[in-house]
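Trainee:
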Amino acid sequence: MTARSAGNRGEAAAARWLRQRGYTLLASQWRCRFGELDLIARDRAGLLCFVEVKLRGNLTVGLPREYVDGRKQERLRRAAALYMSVRELDEPARFDVAEVYEEQGVLRVEYLENAFE
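At position 56 of the sequence shown the residue is numbered 233 (the numbering used here), and the sequence of numbers has no breaks.
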């Protein structure tokens with residue numbers, strides 16, 4: 178399995194998890210010059226959420242959230258600002274991280290709201 182197809186599986190699992198909890202998905206794999214926003218959704222209260230999805234099967238190299246370092250956070254902030262500008266949105270938003278763990282072929286999602294500012 179390629180890294181891209183594994184990432185797609187992780188994003189699909191995170192999207193299912195969000196829908197099951199009443200989130201509305203607005204976009205997935207939104208690309209711009211700053212990078213990619215994995216998932217963009219609205220929670221049940223209507224808050225805009227930019228969701229970074231990290232899939233891991235082997236935890237010996239660290240937790241998935243550890244890969245959303247300062248540089249990655251800055252790229253996500255810039256991409257989110259561009260998304261909001263293009264859509265002419267002026268509203269509060271938050272950055273979440275969906276950690277997707279693969280254990281014996283089963284995907285499990287751990288969701289971190291407000292993972293960073």
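We put the CB at the ideal spot given by N, CA and C, even for glycine. Just so we're clear, the structure is a prediction, and the values are computed from it rather than from any experiment.
1. If you compare alpha carbons, which of Ala190, Asp273, Arg219 is closest to Thr201?
2. To the nearest angstrom, how far is it from the Cα of Asn185 to the Cα of Gln206?
3. Can you look up Ala222 in the DSSP assignment and give me helix, strand or coil?
4. Do Glu229 and Leu253 have their C-beta atoms within less than 9 Å of each other?
5. Taking the Cβ atom as the reference point for each residue, do Leu216 and Ala275 lie within a distance shorter than 9 Å?
6. Can you tell which of Arg233, Arg210, Glu290 has the C-alpha that lies nearest to the C-alpha of Gln281?
7. Over what stretch of residues does the beta strand (DSSP E) that includes Tyr244 continue unbroken?
Mentor: Walking through what the data contain:
1. Against the sequence shown, residue 201 aligns to sequence position 24. Comparing Cα-Cα distances from Thr201 to each of Ala190, Asp273, Arg219, the minimum goes to Arg219.
2. As a position in the sequence shown, residue 185 is number 8, starting the count at 1. As a position in the sequence shown, residue 206 is number 29, starting the count at 1. For Asn185 and Gln206, the distance between alpha carbons rounds to 9 Å.
3. Here residue 222 refers to the residue found at position 45 of the sequence shown. Coil.
4. As a working note, residue 229 is residue 52 in the sequence shown. As a working note, residue 253 is residue 76 in the sequence shown. Yes. Within cutoff.
5. Locating residue 216 in the sequence shown gives position 39, where the first residue counts as 1. Locating residue 275 in the sequence shown gives position 98, where the first residue counts as 1. For Leu216 and Ala275, yes; Cβs fall inside 9 Å.
6. Here residue 281 refers to the residue found at position 104 when the sequence shown is read from its first residue. Of the candidates Arg233, Arg210, Glu290, the one whose C-alpha sits nearest the C-alpha of Gln281 is Arg233.
7. By 1-based counting over the sequence shown, the position of residue 244 is 67. Run containing Tyr244: none; DSSP gives neither H nor E here.
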